[in-house]
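In our numbering, the protein residues as written are 24 to 114.
One structure is given here, and the rest of the page talks about it.
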């Protein structure tokens, strides 16, 4: 069985973001201090807890509507071009 370890840095803005919530130690961050959750002031873990969403629903719905309108406009452009092409072919 494994043990979860929490790590903190002297400079919280120093770790390098590698993407997908993965961070690496850097010269700016300093050396990390690792500890077991709840044993020091590094923090604790709570089993069974549900994390709040970090998505701004209003902005995402606005983006969805804008994307849908762009799709509709592009679809209409294609339909118009097809009609023009068919008219030219029929001449």
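Yeah, the Cβ is synthetic: ideal placement off N, Cα and C, and Gly gets one too.
Given the structure is predicted, the values throughout are model-derived calculations rather than measurements.
6 Å CB neighbourhood of residue i in its chain, flanking five on each side removed
{"i": "residue 36", "result": "none"}
Own chain residues within Cβ distance below 7 Å of residue i, not counting five before or after
{"i": "residue 66", "result": "29, 60"}
{"i": "residue 49", "result": "37, 38, 39"}
Where residue i falls: helix, strand or coil (DSSP)
{"i": "residue 100", "result": "helix"}
{"i": "residue 48", "result": "coil"}
{"i": "residue 72", "result": "coil"}
{"i": "residue 63", "result": "coil"}
Span of the beta strand (DSSP E), counted from its first residue to its last, around residue i
{"i": "residue 30", "result": "29-31"}
{"i": "residue 58", "result": "56-58"}
{"i": "residue 42", "result": "39-42"}
Cβ distance (whole Å) where residue i is taken to contact residue j below 8 Å
{"i": "residue 52", "j": "residue 34", "result": "5 Å"}
{"i": "residue 68", "j": "residue 27", "result": "6 Å"}
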